[in-house]
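Chemist: The numbering used here puts the first residue of the sequence shown at 14, with every later residue one more than the last. We treat Cβ as the ideally placed atom computed from N, Cα and C, and that holds for glycine.
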Amino acid sequence: MFAVRPLRVPRPLPVAVTALLLVPLVVAGPGVAAAEELPTTGDTVVGELVQAFVDEQHDPANGAEGHSDDTAVISWVRTEVGETVRVSTEGVESVDPGSTVEVTLGEEAADEAADEATAAELEPALEVAAVEVLAAPEPPGTAPATVVDHPVTVVMLQPSGVARDSTTPAQVETLVNTTVADFWEQQTRGAVRFGVVKTVDWGAEATVGCDTPFALWDEAARRANWTWTDKAHLLVYVPANAPGCSAGLGTIGSLDDGGLAYIQSTAPSITAHEFGHNLGLGHASEQQCDRTVESGSCRVAAYADLYDVMGLSWEQIGSLNLPHAAKLGLLRPQDVLTVPGGQPTTVSATLAPVSVADPVDKVRAVELVDVDGTRYWLEYRQASGQDAWLGDTRNRFGLQQGVTLRRADPGPDSSLLLDGTPSASGNWNTDRSMALPTGTPVRFSGDRFSVTVQGTTASSATVSVTVSSPIADYHAATGGDTGPLGPLVTAESCTSGRCSATYQNGVVTWSRATGARAVRAPERASWESARDLLGLPVADRVCGLRDSGCFQHFQGGSLYTSASTGTRLVGLGIRARWGQLGWESGRLGYPVRDQTCGLPQTGCFVHFQGGSIYSSAAGGVHEVLGGIRDRWAASGWERGVLGYPISGNVCGLRDSGCFQHFQGGSVYASASTGTRLIGVGIRGRWGQLGWENGGLGYPVSDQTCGLPDSGCFVHFQGGSVYSSAAGGVREVLRPIRDRWAASGWERGVLGYPISGNVCGLRDSGCFQHFQHGSVYTSASTGARLVDAASRAVWGSLGWENGALGYPVTDQACGLPGGGCYMHFQGGSVYNSPAHGSHAVSGRIRDAWAASGWERGSLGYPVEGARSVPGGQEQRFQGGLLTLDQRTGQVRRS
Numbered sequence: 014m015f016a017v018r019p020l021r022v023p024r025p026l027p028v029a030v031t032a033l034l035l036v037p038l039v040v041a042g043p044g045v046a047a048a049e050e051l052p053t054t055g056d057t058v059v060g061e062l063v064q065a066f067v068d069e070q071h072d073p074a075n076g077a078e079g080h081s082d083d084t085a086v087i088s089w090v091r092t093e094v095g096e097t098v099r100v101s102t103e104g105v106e107s108v109d110p111g112s113t114v115e116v117t118l119g120e121e122a123a124d125e126a127a128d129e130a131t132a133a134e135l136e137p138a139l140e141v142a143a144v145e146v147l148a149a150p151e152p153p154g155t156a157p158a159t160v161v162d163h164p165v166t167v168v169m170l171q172p173s174g175v176a177r178d179s180t181t182p183a184q185v186e187t188l189v190n191t192t193v194a195d196f197w198e199q200q201t202r203g204a205v206r207f208g209v210v211k212t213v214d215w216g217a218e219a220t221v222g223c224d225t226p227f228a229l230w231d232e233a234a235r236r237a238n239w240t241w242t243d244k245a246h247l248l249v250y251v252p253a254n255a256p257g258c259s260a261g262l263g264t265i266g267s268l269d270d271g272g273l274a275y276i277q278s279t280a281p282s283i284t285a286h287e288f289g290h291n292l293g294l295g296h297a298s299e300q301q302c303d304r305t306v307e308s309g310s311c312r313v314a315a316y317a318d319l320y321d322v323m324g325l326s327w328e329q330i331g332s333l334n335l336p337h338a339a340k341l342g343l344l345r346p347q348d349v350l351t352v353p354g355g356q357p358t359t360v361s362a363t364l365a366p367v368s369v370a371d372p373v374d375k376v377r378a379v380e381l382v383d384v385d386g387t388r389y390w391l392e393y394r395q396a397s398g399q400d401a402w403l404g405d406t407r408n409r410f411g412l413q414q415g416v417t418l419r420r421a422d423p424g425p426d427s428s429l430l431l432d433g434t435p436s437a438s439g440n441w442n443t444d445r446s447m448a449l450p451t452g453t454p455v456r457f458s459g460d461r462f463s464v465t466v467q468g469t470t471a472s473s474a475t476v477s478v479t480v481s482s483p484i485a486d487y488h489a490a491t492g493g494d495t496g497p498l499g500p501l502v503t504a505e506s507c508t509s510g511r512c513s514a515t516y517q518n519g520v521v522t523w524s525r526a527t528g529a530r531a532v533r534a535p536e537r538a539s540w541e542s543a544r545d546l547l548g549l550p551v552a553d554r555v556c557g558l559r560d561s562g563c564f565q566h567f568q569g570g571s572l573y574t575s576a577s578t579g580t581r582l583v584g585l586g587i588r589a590r591w592g593q594l595g596w597e598s599g600r601l602g603y604p605v606r607d608q609t610c611g612l613p614q615t616g617c618f619v620h621f622q623g624g625s626i627y628s629s630a631a632g633g634v635h636e637v638l639g640g641i642r643d644r645w646a647a648s649g650w651e652r653g654v655l656g657y658p659i660s661g662n663v664c665g666l667r668d669s670g671c672f673q674h675f676q677g678g679s680v681y682a683s684a685s686t687g688t689r690l691i692g693v694g695i696r697g698r699w700g701q702l703g704w705e706n707g708g709l710g711y712p713v714s715d716q717t718c719g720l721p722d723s724g725c726f727v728h729f730q731g732g733s734v735y736s737s738a739a740g741g742v743r744e745v746l747r748p749i750r751d752r753w754a755a756s757g758w759e760r761g762v763l764g765y766p767i768s769g770n771v772c773g774l775r776d777s778g779c780f781q782h783f784q785h786g787s788v789y790t791s792a793s794t795g796a797r798l799v800d801a802a803s804r805a806v807w808g809s810l811g812w813e814n815g816a817l818g819y820p821v822t823d824q825a826c827g828l829p830g831g832g833c834y835m836h837f838q839g840g841s842v843y844n845s846p847a848h849g850s851h852a853v854s855g856r857i858r859d860a861w862a863a864s865g866w867e868r869g870s871l872g873y874p875v876e877g878a879r880s881v882p883g884g885q886e887q888r889f890q891g892g893l894l895t896l897d898q899r900t901g902q903v904r905r906s
């Protein structure tokens, strides 16, 4: 591995990885130093936070088409010895890349990669159970460089299995030493001068590929004997179109850090872009909205600021935008006019083109700082210097000259170009008109700032910036002191980007996201008591609803008022479901109490005139109405056997039926059966049998439990469903159910059912097996109970299709010696404890009956009938009966 530079106590390596724009970044975890055991769940690791952007393939000619609003970011912790552990980005989102951290590792996390293919290439990420920042990234220095102060080592390296291309070290060296070095020296006013100090020509294939970029850089460092020191850069050239490689990849550092990069092309814009990451810059992206520059439906198109080197790489390298110059600490006080947003004012400024490094009597930028710390930048893009291409045929995308507005962002899109002339979303992919219009005020940051471009020339642009108090403007627009709010009581104050002022009849609030809104009686009292939950208003009060109703929406929910229900709070999730059901004009009507939370599983509820809506982490958000709600309430609400609802209320079933599913079962209602509770297991079997449209029909009882062997049951119109630990969940239908009931249900001789109801036998026959026997029924014989012993004999003789046919009696017991019998259509089965169970049929049974059955001299049968030459014989306790088939006579011996 490459030599790790000495720690800036306690800091190891300052790296966070980003990818260039044109090709998907296929990244695997960085190369891992050989170790007997890798860190895993529960371990603590100390090292530097390393991050990577995972980007899609994209052509600048297609604008932002196909881009998502977010750039996927993957993260590692890299230790001083070079070991890397991939961690969840969410767990370190508040930590700056390059910070030295101590991380306690949790379980495996959901993957944050941009797509499934990329995720498959990556080592699993671990959750961050705890993180402590041991040292922040060091701030950059900006002292001008008179000679090369960012030495670059170039290594030509083909990944494993990839053939080298025709590019030479001299070509890469020339690229770096001329166009790229000149660009960055100019943009940093001489603070940075790149220069190649060593090249390593093509050699043997690497043993690794671009899917493990740190391992690739390690191998290149070994070949060049390169050591990472301050401001030193390792630039690896990989063959064009090498599989698994992006167009470029660069670590994020600062002006003092140096860094790692690889490229696949000698296009100057790509290398300049990667070196920009090494210097500490993220991406230059674009935000487009369809109403104003920051409102309506909006999207962020990654890399889509085509003016800037940190946007999409194409033939031209535009000037470094001023939010990025400020991030690097390159702007002098005389370069910038800063306008704070705290006090209303109007200022004018004359902007020099951004390509002019040292303007006279002009500024390069106007910085607008809102009360929440958000920073906006005005700059003038004009066809001169580094941006001369804007005025000729090299500008193949038709980018506008003019004043542009950008917003600095703390995320991977560190600069966002805002569309100065918003258009419908269908036009976004082809809309290149980003400059602010001349003579038309453009408002942004929640209406706190308004900018008017007054005019432009080849050498300057004049702008007027107005800072307003949106709260005071709102008060004035609604009638001032004589309007509904009345005169000011408490002056405007701002905290954490939220401002408010109190008037005689209400409060006006403002934030960049919500704009200025008033809260007045009767909502004001409820809002002030639940301000932490509701947040700021996002709309003014709206009235004209039924029953003299009004409402007001807030960041965290709404307040609804009516003459009959008063003012009630409804949170966002429950509000959304209520809206789907028709708001106050739907079946639920108005809320009758405030939202209540703190239930199990982060549950909340609101009761309405016509029912309730409950939300939970496990069940989602669902309404519960009428009789179903009453039955659920009787079962203990969410703390009862049913738990939370997991579906809405569904009606339209036969017989005016409705149902609702819950975590622990369901409630079904119909006009003829009422409202009934069914548990999950029994519900599942009922569903397999066709629900209410099947043979069982609707339930006519609630589920009853507490039976032996953890048993439960529900009675239905057409039968019952029973569940037990031993027998499972089984339906029992009439007339079998009636016979089972007569035998004592599950506590009787049969016990629980162990099979379902089976029909389709001859003579319209059906049967069902139980723990200790069966019930058989046919059209001609009715329902009969068959004990297990008799059933076994009958089954061995062919069941109802054998010689015995169907049973015609139930089992009868109380015979001598504990004996029992059953008569069948074609014979009988007798059993006794001493001699077992045996069938007796035909003339042999007739002869035995004539002798007095089991009470006669023959006693009980001791075996079944068997064939002998010329007939059959069967042995009894008191002798042998033999049937002569020729004569039909039965002889005793």
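Relative to the alpha-carbon of TRP699, which residue among VAL727, ALA684, THR895 and GLY677 has its alpha-carbon at the smallest distance?
Modeler: VAL727
Chemist: Is the beta carbon of VAL322 sitting closer than 8 Å to the one on GLY293?
Modeler: No, these two residues do not count as a Cβ contact at 8 Å.
Chemist: Threshold first: 3 residues or longer. Then list the beta strand (DSSP E) segments lying entirely within the segment 535 to 601, N to C.
Modeler: 555 to 558, 562 to 567, 570 to 575 and 579 to 584
Chemist: Given a cut-off of 8 Å, decide if VAL619 and ILE587 are closer than it, judged by their beta-carbon atoms.
Modeler: Yes.
Chemist: Which residues bound the alpha helix (DSSP H) around PHE726?
Modeler: Looking at the DSSP string, PHE726 is not in any alpha helix (DSSP H); the run it does join, the beta strand (DSSP E), is 724 to 729.
Chemist: Less than 8 Å separating the beta-carbons of VAL213 and ALA237?
Modeler: In contact: VAL213 and ALA237 (Cβ atoms closer than 8 Å).
Chemist: Jot down the residue ranges of each uninterrupted alpha helix (DSSP H) in the segment 678 to 750, minimum 4 residues, whole runs only, in chain order.
Modeler: 693 to 701
Chemist: Between the Cα of ALA518 and those of ARG525, GLY261, GLY510 and ARG537, spot the shortest distance and give me the residue it belongs to.
Modeler: For the sequence presented, residue 518 should be read as Asn rather than Ala. Closest by alpha carbon: ARG537.
Chemist: Do LEU118 and GLY55 have their C-beta atoms closer together than 8 Å?
Modeler: yes
Chemist: With a threshold of 8 Å, are at least 3 pairs of Cβ atoms found where one atom belongs to the segment 378 to 395 and the other to the segment 303 to 317?
Modeler: no
Chemist: Considering only C-alpha positions, which residue in the set ALA526, GLY832, ALA437 and PRO658 is nearest to GLY632?
Modeler: If we check each option's Cα against that of GLY632, PRO658 comes out closest.
Chemist: Kindly list the residues whose CB is nearer than 6 Å to the CB of GLN399, restricted to its own chain and excluding five residues on each side of it in sequence; keep chain order.
Modeler: SER332 and SER368
Chemist: Alpha carbons only, please: which of LEU268, GLY411, ARG445 and GLY562 is nearest the one belonging to GLY200?
Modeler: According to the sequence provided, residue 200 is Gln. The question's Gly does not apply to it. Put simply, of LEU268, GLY411, ARG445 and GLY562 the residue whose alpha carbon is nearest the alpha carbon of GLN200 is LEU268.
Chemist: What does DSSP give as the partner residue(s) for GLY624 in the beta ladder?
Modeler: PHE621 and LEU638
Chemist: Identify which residue in CYS512, ALA194 and THR187 has its Cα closest to the Cα of ILE947.
Modeler: In the structure displayed, the chain extends from 14 to 906; residue 947 sits before or after that span and is not available.
Chemist: Within 10 angstroms of its Cβ, does GLY883 collect 16 or more other Cβ (buried), or is it exposed?
Modeler: exposed
Chemist: Do VAL349 and ALA317 have their C-beta atoms within less than 8 Å of each other?
Modeler: no
Chemist: Under the assumption that TYR765 contacts GLN781 (Cβ atoms under 8 Å), give the Cβ distance between them as a whole number of angstroms.
Modeler: About 11 Å separates the beta carbons of TYR765 and GLN781, which is beyond the 8 Å limit, so they are not a contact pair.
Chemist: Between which two residues does the alpha helix (DSSP H) harbouring HIS488 extend?
Modeler: 483 to 490
Chemist: Are the segment 521 to 533 and the segment 586 to 603 in contact at 8 Å, needing three or more beta carbon pairs?
Modeler: no
Chemist: For THR479 versus SER463, is the C-beta spacing smaller than 8 Å?
Modeler: yes
Chemist: Rounded to the nearest angstrom, what separates GLN902 and ASP823 at their Cα positions?
Modeler: 30 Å
Chemist: What do you reckon, are the CB atoms on LEU968 and GLU744 nearer than 8 Å?
Modeler: The first residue shown for the chain is 14 and the last is 906, placing residue 968 beyond what the model contains.
Chemist: Specify the secondary structure class of ILE659 as computed by DSSP and reduced to three states.
Modeler: DSSP places ILE659 outside both helix and strand once states are collapsed to three, so it counts as coil.
Chemist: Can you tell me whether GLN347 is helix, strand or coil according to DSSP?
Modeler: helix
Chemist: Between which residues of its own chain and GLY154 is the CB-CB distance below 7 Å, once the five residues before and five after are set aside?
Modeler: Confidence in GLY154 is poor, its pLDDT being 48 and thus under 50, which makes the residue's placement too unreliable to answer from.
Chemist: Over the uninterrupted alpha helix (DSSP H) stretch that includes ALA245, give me the two end residues.
Modeler: Segment: none, ALA245 is in no alpha helix (DSSP H) and carries neither H nor E.
Chemist: From the DSSP output, in three-state form, read off ASN254 for me.
Modeler: coil
Chemist: Figure out for me which residue from VAL161, CYS223 and LEU430 has the closest Cα to the Cα of GLY203.
Modeler: VAL161
Chemist: Which whole-angstrom value is the C-beta distance of GLY295 and PRO425, which I expect to be below 8 Å?
Modeler: 5 Å
Chemist: How many Å lie between THR580 and ARG525 at the Cα?
Modeler: 28 Å
Chemist: Tell me which same chain residues have a C-beta within less than 8 Å of the C-beta of ASP460, skipping the five on either side of it?
Modeler: SER481, PRO483, ASP486, GLY528 and ALA529
Chemist: In terms of residue numbering, what span does the beta strand (DSSP E) encompassing LEU894 cover?
Modeler: Here the beta strand (DSSP E) through LEU894 covers 892 to 897.
Chemist: Excluding sequence positions up to five away, which residues of its chain have a Cβ less than 8 Å from the Cβ of GLY411?
Modeler: ARG445
Chemist: Assign ASN814 to one of three DSSP states: helix, strand, or coil.
Modeler: helix
Chemist: Compare the C-alpha of GLY452 against each of GLN467, GLU651 and GLY818 and name the closest.
Modeler: Residue GLN467 holds the alpha-carbon nearest to the alpha-carbon of GLY452 among GLN467, GLU651 and GLY818.
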